[in-house]
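Chains as they are written, first to last, in this note's numbering: chain A, 1 to 330; chain B, 1001 to 1301.
Right, dumping it as structure tokens:
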């Protein structure tokens, strides 16, 4: 976008998250589920990085690792220059102010026994962001947040079940905003919503980004949505990032065979073009992350695989200044 | 970045508030639509009123013996007759209501308080904390509640306070189990993750989020256990461990009266019926509460 955006807010280096599988009474470890297996990327201040991939590829796990909801198995996470991947639990709390999460499911992510105002205001109390024993301050800030996300401030006393899905998602966004974070992970924030409401929420997120200078990691499985909101897009497959580039390059010049297949699956809203386009249909299923295939883990389904693909995991390499691909065939 | 929307761009539209639905009113409506539940609620209410107003509504002194009129059949002067010491049975039942209610409330508070905290801690922290607490609870569950409270009462000595403590302890496992199970399901939900993300402390998550959300089934259990606790106190009193003699307790009255079962059955039947009615009522109210609070039954009843 512009040169102002060049300082890096968050960087993940070779991030790994393995979930152990245990068996028997003694909790003997039999295998690992390699949900995230060596992921590296950088997010610049003020930009939106889209993270796409099919379900089960580890997108959400990456987000939760960055937030330290999971303790990553290996790798580093630098947030504002500081490695947060090994911070002890009691040092994480100040970090919570700066990194927030917007959930996929607007129904499950709000406490049903808490009023909307209390949901939005809770972070203010936890982080002492309003003067203690100043109820007026608290109420003013909550009303302000309600108005920011387009909700009527008179609804602060209502409970989640009295709101629609889109309104609930707005409450979730207000909660994420309330402690004034610099970085927000949007974990498929619109995939549980109606199409018409999806557009509203996307526009709201973009507006907030402009107004508040937020940085997003936007997790989605829908490429057309990612295209609207992202500056750069990372494509994940089975715990690995296979391609990172800016959105224009990704759509005009996809290089990795998986990215090509994904893009060819996006329907085109024009019946003539739609019927004449060429679709790349992948054969087979996603392999199990417990026992991924050797070498490039996409090779069993890859249309252009060669025997060399089984030898080693291909690293991400630069094709151009802003385009990295993990494939030996391009 | 610009994005031309195909959809209308009313991002900042402030939507109208939907109609407010009162949870309390809904529960009340569901419960009052079943006559057994209403009946149970009325009996419970009567019990509470009787317990508090006992000194004013009881026709005679429940403790003072009147040896001139022992073992009388029901009459106009003594509606339920008199016992071996000439005390009016109705007055003793009225005063016994206070004992039963007090035992119910205090025993259930002890059981609920300890059980809920233990279950909350076990479920939330999991791992070894859960293992240690739940194994102890399992061991307690292996002993039937009556022998358990008998043993505890024997250990602590008789008297009403110790009966309440022993009944309370014997009821802990059910609360702990229920709470632990509730916490285990709820703690995986997104809103608990959200609480972690906003930086809430463990105590805050437990008390502000987990406890209120697991409360409905606990409320049902509390109501049902009131009946069980009253029954347990009656059983202990019947076995002679409960209350110290001159004071009136329903269980002890059944025990005193059963010697005259053939000559004067009212003596033990009347307090027995009182116990039965109250326990049944608490169970019915508990049942009604369960139906009213169960989200799966929402819209059916």
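Glycine is no exception: its CB is placed at the ideal position from the N, C-alpha and C atoms. No experiment lies behind these values; they were computed from the predicted model shown.
Check	Outcome
Return the chain-ordered list of same chain residues with a C-beta closer than 6 Å to the C-beta of residue 1031 (chain B), the five sequence neighbours on each side being excluded.	1037, 1288 and 1292
Quick one: grab the DSSP three-state call for residue 1171 (chain B).	helix
Beta-carbon of residue 1209 (chain B) versus every beta-carbon of chain A: anything under 8 Å?	yes
Given residue 85 (chain A), which residues of its chain have a CB within under 7 Å of its CB, disregarding the five upstream and five downstream residues?	72, 75, 76 and 77
Name the chain B residues that come within less than 9 Å of residue 127 (chain A), Cβ to Cβ?	1198 and 1199
Which first and last residues belong to the beta strand (DSSP E) in which residue 1142 (chain B) is found?	Unbroken run through residue 1142 (chain B) is the alpha helix (DSSP H), 1127-1142; no beta strand (DSSP E).
Is it buried or exposed, residue 1259 (chain B), if we count other Cβ atoms within 10 angstroms and call 16 or more buried?	exposed
So what's residue 147 (chain A) in DSSP terms, helix, strand or just coil?	helix
Counting Cβ pairs closer than 8 Å, one from the stretch 1212-1226 of chain B and one from the stretch 1126-1140 of chain B, do we hit at least three?	no
Three Cβ pairs or more, each shorter than 8 Å: is that satisfied between the stretch 48-67 of chain A and the stretch 173-191 of chain A?	yes
Using 8 Å as the Cβ pair cut-off and three pairs as the minimum, do the stretch 1192-1206 of chain B and the stretch 1238-1246 of chain B touch?	no
Tell me which same chain residues have a C-beta within less than 6 Å of the C-beta of residue 1205 (chain B), skipping the five on either side of it?	1195
If distances are taken between C-alpha atoms only, which option among B:1094, B:1253, B:1279 and B:1117 comes closest to residue 1172 (chain B)?	B:1117
Residues of chain A with a CB under 7 Å from the CB of residue 1190 (chain B): which are they?	103, 105, 108 and 109
Contact criterion: CB-CB distance below 8 Å. Does residue 1213 (chain B) meet it with respect to chain A?	yes
Does the CB of residue 1291 (chain B) have a neighbour CB from chain A at under 8 Å?	no
Please list, in chain order, all residues of the same chain as residue 31 (chain A) whose beta carbon is under 7 Å from its beta carbon, the five residues on each side excluded.	21 and 290
Regarding residue 213 (chain A) and the ligand SAH, is the C-beta to nearest heavy atom distance less than 7 Å?	Ligands are entirely absent from the displayed structure, and the ligand SAH is therefore not among its contents.
According to the neighbour-count rule (16 or more other Cβ atoms, all chains shown, within 10 Å of its Cβ), is residue 1244 (chain B) buried or exposed?	exposed
Report yes or no: do the stretch 1175-1191 of chain B and the stretch 1104-1124 of chain B share at least 3 C-beta pairs separated by less than 8 Å?	yes
Using only the alpha-carbon positions, how far apart do residue 1095 (chain B) and residue 1062 (chain B) sit?	7 Å
Answer with buried or exposed for residue 1143 (chain B), where buried requires no fewer than 16 other C-beta atoms within 10 angstroms of its C-beta.	exposed
Residue 1007 (chain B): buried (16+ other C-beta within 10 angstroms of its C-beta) or exposed?	Low local confidence applies: a pLDDT of 39 at residue 1007 (chain B) is under 50, so the model's placement there is unreliable, with the coordinate-based value given in what follows. Exposed, since its Cβ has fewer than 16 Cβ neighbours within 10 Å.
Establish whether the CB of residue 1270 (chain B) and some CB of chain A are separated by less than 8 Å.	no
Any beta carbon of chain A sitting closer than 8 Å to that of residue 1194 (chain B)?	yes
Write down the C-beta distance between residue 53 (chain A) and residue 237 (chain A) rounded to the nearest angstrom, noting that I regard them as a contact closer than 8 Å.	6 Å
Looking at the secondary structure, which residues open and close the beta strand (DSSP E) in which residue 19 (chain A) lies?	8-23
Which one of A:27, A:35 and A:49 has the shortest CA to CA distance from residue 8 (chain A)?	A:49
Quick one: what does DSSP say residue 186 (chain A) is sitting in, helix, strand or coil?	strand
Classify residue 256 (chain A) as buried or exposed, calling it buried when 16 or more other Cβ atoms lie within 10 Å of its own Cβ.	buried
Against chain B, does residue 144 (chain A) count as a neighbour if the rule is that its beta carbon must be under 8 Å from one of theirs?	no
Quick check: is the beta carbon of residue 69 (chain A) nearer than 8 Å to any beta carbon in chain B?	yes
Just how far apart, CA to CA, sit residue 205 (chain A) and residue 1026 (chain B)?	37 Å
From residue 300 (chain A) to residue 1290 (chain B), what distance separates their C-alpha atoms?	54 Å
Output, in chain order, the set of chain B residues within a Cβ distance shorter than 7 Å of residue 100 (chain A).	1197
My output table needs one value for residue 137 (chain A): the three-state DSSP class, helix, strand or coil.	helix
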